[in-house]
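Everything below concerns the one structure shown next.
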Amino acid sequence: MRGSKTKMTFTVTGASKFSQRSVVQFLAAEGVSPIEIRRPMKKVYVDKCMLRARVYEWTRRYQQGRTSLEDGPRPGQEVVAFLERIVTVECNMVQLRTAEQATQHAVEARHITMPKKCRNFTTAGKVMLMLFFDSEGLLLYHFMERGESVTSARYSEILRTELRRAVKNKRPGR
């Protein structure tokens with residue numbers, strides 16, 4: 007059997023897009039046409055082979071001087087920078103306590119007995135607490151007046167005045 011040429015064939019199952027792009031890059035540099043590049047790739051990579059349109063696209067890119075195998079930036083990748091500028095708000099009803107109530111609560115939490123007269127405090131009431139966050143953390147907390155609703159006009163006012171100031175102070179350069 008010496009002297010006779012045998013053709014070895016095998017398939018690649020775990021081929022990455024970068025390995026296939028490197029084949030396209032090499033053969034494109036040799037002047038091979040996209041259709042001639044894809045034929046042997048299809049035999050080797052079988053169902054994991056780069057699509058014909060991608061072979062044409064990458065051949066054109068390499069012929070125009072591209073050297074990188076990496077993906078270029080896409081318009082959607084700007085979303086990350088955009089998300090850093092997004093501010094979210096969370097609204098919660100919170101129970102306000104007077105200083106005496108806070109002391110009373112701390113005492114009760116530690117199971118310390120106090121005279122009965124200390125337990126007769128009136129509550130300060132529930133109010134709306136608005137918390138504004140960005141990707142770095144808390145920007146602003148705003149307590150609504152007791153009984154006040156979050157209307158679009160009030161919300162817009164908070165955004166224009168307090169939140170704008172908070173962003174300027176806590177996130178300079180944004």
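By the count of the working numbering, the sequence shown reaches residue 180 at its end, each step adding exactly one. For glycine and all other residues, C-beta sits at the position ideal for the given N, C-alpha and C.
| Is M47 helix, strand or coil by DSSP? | Residue mapping note: residue 47 aligns to position 41 of the sequence shown, counting from 1. Here M47 sits in helix by DSSP.
| task | Going by DSSP, name the residue or residues bridged to Q101. | result | Residue 101 sits at position 95 when you count from the first residue of the sequence shown. Under DSSP, Q101 takes part in a beta bridge, and its partners are K132.
| Between S28, V52 and V133, which lies nearest to R72 when the distance is taken from Cα to Cα? | Your numbering for residue 72 matches position 66 in the sequence shown. It is S28.
| query | Which residues mark the beginning and the end of the alpha helix (DSSP H) in which L144 is found? | reply | Here residue 144 refers to the residue found at position 138 when the sequence shown is read from its first residue. It is not in any alpha helix (DSSP H) - L144 instead sits in the beta strand (DSSP E) that spans G143 to F149.
| field | Cα-Cα separation, R125 to V100 | value | Taking the first residue of the sequence shown as position 1, residue 125 is located at position 119. Taking the first residue of the sequence shown as position 1, residue 100 is located at position 94. Only weak support is given to the placement of R125: the predicted model assigns it a pLDDT of 47, under 50, and the value that follows is read from those uncertain coordinates. Distance between the alpha carbons of R125 and V100: 20 Å.
| field | Selection from R91, A35, S162 and R66 that minimises the alpha carbon distance to P178 | value | The count along the sequence shown starts at 1 and reaches residue 178 at position 172. For P178, the nearest C-alpha among the options comes from R91.
| field | H148 to P79 span [Cα, whole Å] | value | As a first step, residue 148 must be located in the sequence shown, where it is residue number 142. As a first step, residue 79 must be located in the sequence shown, where it is residue number 73. Distance between the alpha carbons of H148 and P79 is about 39 Å.
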